[in-house]
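Q: In full-length UniProt numbering, the protein residues as written are 1 to 325.
Ideal placement from N, C-alpha and C gives every residue a C-beta, glycine not left out.
Here's a structure for you.
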């Protein structure tokens with residue numbers, strides 16, 4: 001292969017100049033005439049490309065800020081992004097955006113969610129760069145993707161239409177009583193930071209409390225009551241299974257807390273394998289749903305699940321236990 005007379009910097013410069021979205025010369029074939037390679041010409045070309053790069057960086061900075069409005073992108077972006085009917089419209093008054101920098105450490109969960117989601121906003125600039133906005137519940141994720149590059153997460157926001165004290169019926173920073181009945185249980189799975197998956201269970205009580213419990217890789221079984229970011233976390237996760245707990249079966253908060261406390265006492269005996277963490281979620285789910293005699297998996301087939309249910313009875317339910325009381 002014949003060596004190129006151009007250095008790496010010059011080749012990179014010409015690749016930017018002949019970006020197929022800006023200056024596609026591939027159809028010229030043998031008639032293509034390369035630009036001059038004199039020092040003065042290349043210097044001027046470098047200055048123009050640098051000016052374009054500065055515009056791109058300003059675009060990204062605005063797009064990744066709370067000040068960007070998909071309804072009125074502004075003069076930094078192509079005019080086609082703004083509808084002629086909405087050119088002077090302000091951002092919709094549907095809440096305020098709160099930056100969630102803490103989600104930058106959850107790239108695995110974000111990328112897993114993005115891979116299976118359709119963006120609410122998807123526009124392309126003149127140079128082929130794509131700007132996308134995804135919505136997961138009250139969570140908004142903004143990404144960019146350069147021509148020929150990977151999609152990168154640049155900003156994550158929460159759309160706050162309520163104050164933290166209004167979340168979960170005003171239960172934020174409050175605790176559930178031990179004798180509250182669990183009326184619904186949901187098992188979730190999300191992408192783990194180091195790869196693989198992480199399961200967690202959400203319990204909803206009759207008094208409106210929301211409890212999250214899970215086993216972490218270090219072996220700790222956690223118990224969080226009415227966490228402020230629960231809605232955002234659930235939006236990025238997948239529901240494995242859920243169950244409404246009627247008066248015929250179910251459990252109280254103290255019953256499930258007992259399982260969590262038992263696991264907590266075992267903390268320090270070593271790391272928890274993915275199977276052990278998943279089994280904890282299954283145990284909690286079944287206990288909350290009143291399946292006291294059998295632990296089932298949300299990943300079981302329908303046939304396997306029916307077989308397991310025939311061999312496992314229900315726990316003592318709300319009605320029976322209330323009558324006994």
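What did DSSP end up calling residue 234 once you bin it into helix, strand or coil?
A: Of the three classes helix, strand and coil, the one that applies to residue 234 here is helix, per DSSP.
Q: When you compare only the Cα positions, how much space is there between residue 69 and residue 102?
A: Each residue's Cα considered, the two are about 23 Å apart.
Q: For residue 43, count the other beta carbons within 10 Å of its own beta carbon; 16 or more makes it buried, fewer makes it exposed. Which is it?
A: Residue 43 comes out exposed.
Q: For the alpha helix (DSSP H) holding residue 224, just list the boundary residues, first then last.
A: No alpha helix (DSSP H) contains residue 224, which is instead part of the beta strand (DSSP E) from 221–225.
Q: Would you list the one or two residues that DSSP bridges to residue 187?
A: Note: residue 187 sits in a beta bridge opposite 201, 241.
Q: Take every Cβ of the segment 184–201, pair it with every Cβ of the segment 257–271, and state whether three or more of those distances are shorter than 8 Å.
A: No: fewer than three Cβ pairs fall under 8 Å.
Q: Does the Cβ of residue 50 have 16 or more other Cβ atoms within 10 Å, making it buried, or fewer, making it exposed?
A: So residue 50 ends up on the exposed side.
Q: Indicate whether residue 154 and residue 142 have their beta-carbon atoms separated by less than 8 Å.
A: Yes. Within cutoff.
Q: Please report the straight-line C-alpha distance between residue 150 and residue 111, rounded to a whole angstrom.
A: Cα to Cα, residue 150 sits roughly 11 Å from residue 111.
Q: Tell me whether residue 146 sits in a helix, a strand or coil according to DSSP, three-state version.
A: If DSSP states are grouped into helix, strand and coil, residue 146 belongs with coil.
Q: So, for residue 214: in the same chain, excluding its five sequence neighbours on each side, which residues have a beta-carbon less than 8 Å away from its beta-carbon?
A: 198, 199, 200, 201, 221, 222, 277, 280, 281.
Q: Suppose the cutoff is 7 Å on Cβ atoms and the five residues either side in sequence are ignored; what does the same chain contact list for residue 191 look like?
A: Same-chain partners within the cutoff: 108, 109, 112, 197.
Q: Would residue 241 pass as a contact of residue 157 if the rule is Cβ separation under 8 Å?
A: Contact flag unset, no.
Q: Excluding five sequence neighbours on each side, which residues of the same chain lie with their C-beta closer than 8 Å to the C-beta of residue 179?
A: 252, 253, 254, listed in sequence order.
Q: Work out the CA separation of residue 115 and residue 332 for me, nearest whole Å.
A: Past the boundaries of the shown model lies residue 332; the chain is included only from 1 to 325, so the question cannot be answered.
Q: Classify residue 265: buried if its beta carbon has 16 or more other beta carbons within 10 angstroms, exposed otherwise.
A: Burial call: exposed.
Q: Please state whether the Cβ-Cβ distance between residue 135 and residue 120 is less than 8 Å.
A: Yes, these two residues count as a Cβ contact at 8 Å.
Q: Please confirm whether residue 182 and residue 245 have their CB atoms less than 8 Å apart.
A: Yes, Cβ-Cβ distance for residue 182 and residue 245 is below 8 Å.
Q: Grouping DSSP H, G and I as helix and E and B as strand, with all else coil, what is residue 157?
A: In the structure shown, residue 157 sits in a strand (DSSP, three-state: E or B).
Q: Assuming residue 97 contacts residue 61 (C-beta within less than 8 Å), just tell me the rounded distance between them.
A: At roughly 15 Å, the Cβ-Cβ gap does not stay under 8 Å, so residue 97 and residue 61 are not in contact.
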